[in-house]
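Every position in the sequence shown, counted from 1, becomes a number in our numbering once 9 is added. The beta carbon of each residue, even a glycine, is placed where N, CA and C say it ideally should be. Please read the structure below before turning to the comments.
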Amino acid sequence: MAESREHLFSQCDYFRQLFHDLLGRFSFMPRDWDDGLKWAIDVFGKKGTKAGNGRIIWQSLISYAWRERCIRLFEGKSRSIEGLRKVIRSEVLMLLQEEEAAEFWI
């Protein structure tokens, strides 16, 4: 199967494990891209800190998963799930701190 967002959401064990590790507290595993996107809009499309934080995690997960796919495909390199999870968590924490600081000053 060609690499695509459908592949990531429905057939890629690497992505599914990463999704579970980062968003497992919501007890949801998308069947495909449309299912995942609808869920994210329903859960994170609201106002409030929790929804905002969820959006940051969701966006980071999608962005880094796609970057990992490109690195594997075009550079022949890869990271472990644990390694990528640490990168995403670090990015999310940094973004949340920036957001908190911005809310303080704006």
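Residue j beta carbon less than 8 Å from that of residue i
i	j	result
V52	G45	no
S19	D41	yes
I65	L31	no
Y23	I90	yes
L102	E77	no
Coil, strand or helix - residue i by DSSP
i	result
L85	Correcting the residue type first, residue 85 is Gly in the shown sequence and not Leu. DSSP places G85 in coil when its eight states are reduced to three.
R94	helix
C21	coil
D41	coil
I59	For the record, residue 59 in the displayed sequence is Lys; it is not Ile. Helix, per DSSP.
S13	coil
S36	coil
Supposed contact pair residue j and residue i - C-beta distance, whole angstroms, cut 8 Å
i	j	result
L17	A110	In fact, because the Cβ distance is near 32 Å, the residues do not count as touching under 8 Å.
Counting beta carbon pairs with one atom in the region 82 to 102 and one in the region 49 to 61, are three or more of them shorter than 8 Å? When C-beta atoms of the region 49 to 61 are compared with those of the region 82 to 102, fewer than three pairs fall below 8 Å, so the two segments do not count as touching.
Is it the case that the region 21 to 36 contacts the region 63 to 79, given that we only count it when at least three CB pairs across the two stretches are under 8 Å? At 8 Å Cβ cutoff, the stretches touch.
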